[in-house]
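Peer 1: Handing you this structure, nothing more for now.
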Amino acid sequence: MDTIDTLLTHAKTIAVVGLSSKPDRASYQVAAYMQQHGYRIIPVNPKEEIVLGEQGYATLRDVPVHIDIVNVFRASKDVPPIVDEAIAIGAGAIWLQLEITHPDAEARARSAGLVVVANRCIKIDHAQRTRTM
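Numbering (this note's numbering), first residue to last: 70 to 202.
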């Protein structure tokens with residue numbers, strides 16, 4: 070079992086940073102898919118109160134439960150403070166969606182013990198492993 074398999078198998082809670090309530094947005098579609106496949110989705114976006122029936126939070130630090138995966142839908146330049154928060158709250162992993170990378174922040178997350186996945190779509194990886202989409 071590789072790292073992504075292990076992560077997707079054991080994770081229960083995914084905080085989606087940048088989750089939009091607009092159904093046409095990739096963040097919404099990916100989060101809805103993951104929710105439909107049994108994961109608890111936690112919206113992290115100061116502009117959203119409730120998304121997919123879940124209470125939204127302005128920051129990762131505001132989330133009152135343990136987060137297994139921090140799934141990031143923000144520009145690469147916005148990644149460093151998100152990684153800092155993920156480290157501070159003891160998240161298990163940081164997952165940067167397609168076309169999102171930040172080598173320095175990724176290295177910092179790895180050094181802090183987080184699993185790091187970058188420039189990959191969590192929905193695509195999950196679907197390939199479960200053969201659904």
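Every residue, glycine too, gets a C-beta built ideally from N, C-alpha and C. Being a predicted model, the structure only gives us computed values, none of them experimental.
1. Anyone know if the C-beta pair for R177 and I156 falls short of 9 Å?
2. Tell me, please, whether the region 118 to 126 touches the region 137 to 144 by the rule of three or more beta-carbon pairs shorter than 8 Å.
3. Could you compute how far the alpha carbon of P133 sits from the alpha carbon of D147?
4. Is the beta carbon of H171 less than 9 Å from the beta carbon of L77?
5. Tell me the DSSP secondary structure of E168 in three-state form.
6. DSSP state of A162, grouped into three classes?
7. Let's test the definition: count the other Cβ atoms within 10 Å of the Cβ of G107 and tell me whether it reaches 16, buried, or not, exposed.
8. Could you have a look at E117 and say whether DSSP puts it in helix, strand or coil?
9. State the start and end residues of the unbroken alpha helix (DSSP H) segment that holds T199.
10. Tell me the rounded alpha-carbon separation between A101 and A95.
11. Quick one: what does DSSP say A178 is sitting in, helix, strand or coil?
12. How many angstroms separate the CA atom of E123 from the CA atom of P112?
13. Quick one, are the C-beta atoms of V62 and A160 less than 9 Å apart?
Peer 2: Here's the rundown:
1. For the purposes of this step, residue 177 is taken as the residue at position 108 of the sequence shown. For the purposes of this step, residue 156 is taken as the residue at position 87 of the sequence shown. A contact, by the Cβ cut-off of 9 Å.
2. no
3. Mapped onto the sequence shown, residue 133 falls at position 64. Mapped onto the sequence shown, residue 147 falls at position 78. Their backbone Cα atoms lie some 23 Å apart in a straight line.
4. Start at 1 with the first residue of the sequence shown, and residue 171 comes out as number 102. Start at 1 with the first residue of the sequence shown, and residue 77 comes out as number 8. For H171 and L77, no; Cβs fall outside 9 Å.
5. For this step, residue 168 is matched to residue 99 along the sequence shown. Reduced to three states, the DSSP call for E168 is coil.
6. For the purposes of this step, residue 162 is taken as residue 93 along the sequence shown, with counting starting at 1. The answer is strand: DSSP assigns A162 an E or B state.
7. Counted from its first residue, the sequence shown places residue 107 at position 38. Classification of G107: exposed, given that the 10 Å Cβ count is below 16.
8. For the purposes of this step, residue 117 is taken as the residue at position 48 of the sequence shown. Reduced to three states, the DSSP call for E117 is coil.
9. Numbered from its first residue, the sequence shown carries residue 199 at position 130. Element bounds for T199: 191 to 199.
10. On the sequence shown, residue 101 is found 32 positions in, with the first residue counted as 1. On the sequence shown, residue 95 is found 26 positions in, with the first residue counted as 1. Cα to Cα, A101 sits roughly 10 Å from A95.
11. Translated into the one-based positions of the sequence shown, residue 178 becomes position 109. It is helical.
12. Position 54 of the sequence shown holds residue 123. Position 43 of the sequence shown holds residue 112. If I take the Cα positions, the gap works out to 7 Å.
13. As displayed, the chain neither begins before 70 nor continues past 202, which places residue 62 out of reach and without an answer.
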